[in-house]
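K.L.:
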Amino acid sequence: MDLGKVGVVFNGGGFSGAFSVGFARAIWELGIKPEHIQGVSVGTLNAAKIIESGVKGLERVWLDIEKDGASSIFNWMDIAPNVLKRSNALFYQKGLLRIVNGIDIAKIVQSPINLQIVTCNEFKDEQEEIFHNHDPRFQENPELFRKTILASTAIPGILPPIEINGEEHSDGVFFQLEPLISAGCDTIFLLLNDQAAERKARWDKRLAQERHKLYEKVVIAELKEILIKHKDYQVYAPDDLDLEQKNLPSLVRKMITAEKSIRSTLISAAKGDDINFVPHRIIILYTEAPISALYTTGFARGDIKTAINVGYVQAKNILTKALK
Numbered sequence: 025m026d027l028g029k030v031g032v033v034f035n036g037g038g039f040s041g042a043f044s045v046g047f048a049r050a051i052w053e054l055g056i057k058p059e060h061i062q063g064v065s066v067g068t069l070n071a072a073k074i075i076e077s078g079v080k081g082l083e084r085v086w087l088d089i090e091k092d093g094a095s096s097i098f099n100w101m102d103i104a105p106n107v108l109k110r111s112n113a114l115f116y117q118k119g120l121l122r123i124v125n126g127i128d129i130a131k132i133v134q135s136p137i138n139l140q141i142v143t144c145n146e147f148k149d150e151q152e153e154i155f156h157n158h159d160p161r162f163q164e165n166p167e168l169f170r171k172t173i174l175a176s177t178a179i180p181g182i183l184p185p186i187e188i189n190g191e192e193h194s195d196g197v198f199f200q201l202e203p204l205i206s207a208g209c210d211t212i213f214l215l216l217n218d219q220a221a222e223r224k225a226r227w228d229k230r231l232a233q234e235r236h237k238l239y240e241k242v243v244i245a246e247l248k249e250i251l252i253k254h255k256d257y258q259v260y261a262p263d264d265l266d267l268e269q270k271n272l273p274s275l276v277r278k279m280i281t282a283e284k285s286i287r288s289t290l291i292s293a294a295k296g297d298d299i300n301f302v303p304h305r306i307i308i309l310y311t312e313a314p315i316s317a318l319y320t321t322g323f324a325r326g327d328i329k330t331a332i333n334v335g336y337v338q339a340k341n342i343l344t345k346a347l348k
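To convert, count from 1 in the sequence shown and add 24; that's my numbering.
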């Protein structure tokens, strides 16, 4: 199958972002070469690192995180002093800063791959902004681009915002499909790190789940808008996918259900050849094998390596069907 111009979206999810490492390995292993990559939240770290040093370099970063432990990024000893100081975040950014400072930014701004980084501008009513590695500002000052990576990974309330040109930026939260479509991407791989909800979860996981419910509503609304506006795009899902299965992440289920609903409405409204569907695809890569101890701010020993392998196997299965 001719994929045309390819875009890849590395989504967020904290330590669950390890799944995307496996997804990426499956994509790159097939010889697929994206011209556009977008990163949001931890996905920005993944996107930047894979451009700088490939899949193997990205895997090394995550295996080092596993070796150092979750506290190397989210140290629970940070919480008490930050609460007492009424700080703007629960954790310091020392661990994350060490990782981001290890990235060769010059390679990224000089890369032919267009990298989009999504942030939230807290000085402009939390408006989402997208920074591009080919922006002349970053060509002249690559270190300024490093700040955008830090900002995009700064989960509000969890990690402190980053000042860029006198304005504070933080995690952009939501991926943006419109810039990739506008750039002419025929195939967009959307890497989702979501897992099936766990009923008996710890308090911090329960908080993350509640936040994720709001996230899902916004994502589905934006997806519907995209599919109505761009009638030539379809969300791909394997034909044998059981939308009611227990381990299927709810966001995946809702996205595919929304696409089917919109597709049915458009077809029924069409008269003759008024609507000509061109096979432009949004291919969702996800996992049906949750890892209970792996979540936004924590993981157990071995979880990162397992997540990478699980992501790889699941993505390879989906891609084998999608690219026939």
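Don't be surprised by glycine CBs; every beta carbon is placed ideally from N, CA and C.
Suppose the cutoff is 6 Å on Cβ atoms and the five residues either side in sequence are ignored; what does the same chain contact list for G208 look like?
P.N.:
Taking the first residue of the sequence shown as position 1, residue 208 is located at position 184. Excluding positions up to five away in sequence, the list reads K29.
K.L.:
Could you please give the first and the last residue of the uninterrupted alpha helix (DSSP H) stretch that includes F169?
P.N.:
Taking the sequence shown and counting its residues from 1, the one referred to as residue 169 is at position 145. Here the alpha helix (DSSP H) through F169 covers P166 to S176.
K.L.:
Let me make sure I understand the geometry here. Which of E187, I137, L183 and L168 has the alpha-carbon closest to that of N125?
P.N.:
Walking along the sequence shown from the start, residue 125 turns up at place 101. The shortest Cα separation from N125 among E187, I137, L183 and L168 belongs to L168.
K.L.:
Could you give the first and the last residue of the continuous alpha helix (DSSP H) run that contains L87?
P.N.:
Reading the sequence shown from its first residue, position 63 is the one you call residue 87. That run of the alpha helix (DSSP H) goes V66 to D92.
K.L.:
Note down, one range per segment and in chain order, each beta strand (DSSP E) of at least 3 residues found wholly within the segment 256-335.
P.N.:
You should have 257-260 and 304-309.
K.L.:
Quick check: the segment 80-91 against the segment 99-115, are at least 3 beta-carbon pairs closer than 8 Å?
P.N.:
No, they do not touch.
K.L.:
Express the C-alpha separation of P262 and F98 in angstroms, rounding to a whole number.
P.N.:
Here residue 98 refers to the residue found at position 74 of the sequence shown. Here residue 262 refers to the residue found at position 238 of the sequence shown. Their Cα atoms are separated by approximately 37 Å.
K.L.:
Using the Cα positions of K248 and K270, report the straight-line distance between them to the nearest angstrom.
P.N.:
Here residue 248 refers to the residue found at position 224 when the sequence shown is read from its first residue. Here residue 270 refers to the residue found at position 246 when the sequence shown is read from its first residue. Distance between the alpha carbons of K248 and K270 is about 24 Å.
K.L.:
Please go through the same chain and pick out, in chain order, the residues whose beta-carbon is closer than 6 Å to the beta-carbon of E90, but skip the five residues on each side of it.
P.N.:
Taking the sequence shown and counting its residues from 1, the one referred to as residue 90 is at position 66. Within the same chain, E90 has close Cβ partners I328.
K.L.:
Enumerate in chain order the residues of its own chain whose CB-to-CB distance from S135 is below 6 Å, with the five nearest sequence positions on each side excluded.
P.N.:
Taking the first residue of the sequence shown as position 1, residue 135 is located at position 111. Excluding positions up to five away in sequence, the list reads I75.
K.L.:
DSSP three-state label for F115, please.
P.N.:
Your numbering for residue 115 matches position 91 in the sequence shown. Here F115 sits in coil by DSSP.
K.L.:
L215 lies in the alpha helix (DSSP H); which residues open and close that run?
P.N.:
For the purposes of this step, residue 215 is identified with residue 191 of the sequence shown, where counting begins at 1. L215 -> not in any alpha helix (DSSP H); beta strand (DSSP E) instead, spanning T211 to L215.
K.L.:
Identify whether D149 lies in helix, strand or coil by the three-state DSSP scheme.
P.N.:
Taking the sequence shown and counting its residues from 1, the one referred to as residue 149 is at position 125. Looking at D149 - three-state DSSP - the assignment turns out to be coil, as it is neither helix nor strand.
K.L.:
Helix, strand or coil for F155 per DSSP?
P.N.:
Reading the sequence shown from its first residue, position 131 is the one you call residue 155. Note: F155 maps to strand in three-state DSSP.
K.L.:
Would you report the Cα separation of L27 and Y116, rounded to the nearest angstrom?
P.N.:
Sequence index remark: in the sequence shown, residue 27 carries index 3 (1-based). Sequence index remark: in the sequence shown, residue 116 carries index 92 (1-based). Cα-Cα distance, rounded: 42 Å.
K.L.:
Let me make sure I understand the geometry here. Which of F323, L139, L238 and V66 has the alpha-carbon closest to that of G93?
P.N.:
Reading the sequence shown from its first residue, position 69 is the one you call residue 93. Checking every option, the nearest Cα to that of G93 belongs to F323.
K.L.:
Quick check on H60: buried or exposed, where buried means 16 or more other Cβ atoms within 10 Å of its Cβ?
P.N.:
Here residue 60 refers to the residue found at position 36 of the sequence shown. H60 should be labelled buried.
K.L.:
Can you name, in chain order, every residue of its own chain whose Cβ lies under 6 Å from the Cβ of I244, other than the five neighbours on each side?
P.N.:
Taking the first residue of the sequence shown as position 1, residue 244 is located at position 220. If we look at I244 and ignore the five residues flanking it on each side, its Cβ neighbours are K278 and A282.
K.L.:
Taking contact to mean at least 3 C-beta pairs separated by less than 8 Å, is the segment 45-58 in contact with the segment 197-207?
P.N.:
Taking 8 Å as the limit for Cβ pairs, the verdict is that the segment 197-207 does not touch the segment 45-58.
K.L.:
Verify whether the separation of the beta carbon atoms of V133 and N157 is less than 8 Å.
P.N.:
Sequence index remark: in the sequence shown, residue 133 carries index 109 (1-based). Sequence index remark: in the sequence shown, residue 157 carries index 133 (1-based). Yes, these two residues count as a Cβ contact at 8 Å.
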